[in-house]
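**Student:**
Residue numbers (the working numbering): 23 to 185.
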C-alpha cells in the first residue's frame, strides 16, 4: 500500500483500505516493511515523503506487545523520556499561543514574550537530542543491518531542523 501511495493513488483511499485490512500490526513488521521497500529500491526520500501518511494510518494500530522492554537508564529509555519532555514543551507553547490575546493583556507583553522565549530555549535541546540519536543509536542499528528506519528518522530530523 505504501507503493500505491508512491504510484500516486489517493492517500485517503489507501488509508481507508489499510484500516479495513489491519486491526493490529506487530511492531517489527513495520520496521521490516520499511527496510524491505528501501532494499528493493524505493528511495529513502520517497519513504520519508510518505512517512506522515503511513504514520497516520498506523496510529494506534501498532501492536507493541512483541517489543523488547527497555530498562531504565538505557540510552533508548533516555531518548524516549526526552521525546516526552519535548512534547510537553510543545504543548505548553501551543497553550500559550491559543491564549495569547488574554495572556498578553493579563501579564503584559514583556512577561508573555519571556515565557515564549523560555520555552523556545527548551526546544533548542532538540538538536542535541537528534545528534545523540544519529551518532549513538543509528550506527548501532546499521551495524545490525537495520538501515531503512534510521535513514527515514534522520530525514525527519533534517525536516525539523530546516522547517
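Virtual Cβ for every residue (Gly too), placed ideally from N, Cα, C. Predicted, not measured: the structure shown is a model, and the values here were computed from it.
Can you tell me whether residue 139 is helix, strand or coil according to DSSP?
**Tutor:** Here residue 139 sits in helix by DSSP.
**Student:** Let's test the definition: count the other Cβ atoms within 10 Å of the Cβ of residue 130 and tell me whether it reaches 16, buried, or not, exposed.
**Tutor:** Exposed, because fewer than 16 other Cβ atoms sit within 10 Å of the Cβ of residue 130.
**Student:** For residue 172, which residues from the same chain have a beta carbon less than 7 Å from its beta carbon, with the 5 sequence-adjacent residues on both sides left out?
**Tutor:** Cβ within range, chain order: 160, 163 and 164.
**Student:** Which word fits residue 59, buried or exposed, when buried means at least 16 other C-beta atoms lie within 10 angstroms of its C-beta?
**Tutor:** Residue 59 is buried by the Cβ-count criterion.
**Student:** May I ask which residues mark the beginning and end of the alpha helix (DSSP H) holding residue 182?
**Tutor:** Counting along the chain, the alpha helix (DSSP H) containing residue 182 begins and ends at 170–184.
**Student:** Report the residue from 169, 152, 167 and 158 whose alpha carbon sits nearest the alpha carbon of residue 183.
**Tutor:** Closest by alpha carbon: 152.
**Student:** Are the CB atoms of residue 168 and residue 53 within a distance shorter than 8 Å?
**Tutor:** The answer is yes: Cβ separation under 8 Å.
**Student:** Taking the C-alpha atoms as reference points, what is the distance between residue 55 and residue 137?
**Tutor:** Those two C-alpha atoms are separated by around 43 Å.
**Student:** Compute the Euclidean distance between the alpha carbons of residue 128 and residue 108, then round it to the nearest angstrom.
**Tutor:** Residue 128 and residue 108: Cα-Cα distance of roughly 27 Å.
**Student:** Which residue's Cα is closest to the Cα of residue 177: 69, 62, 87 and 30?
**Tutor:** Nearest of 69, 62, 87 and 30 to residue 177, Cα basis: 69.
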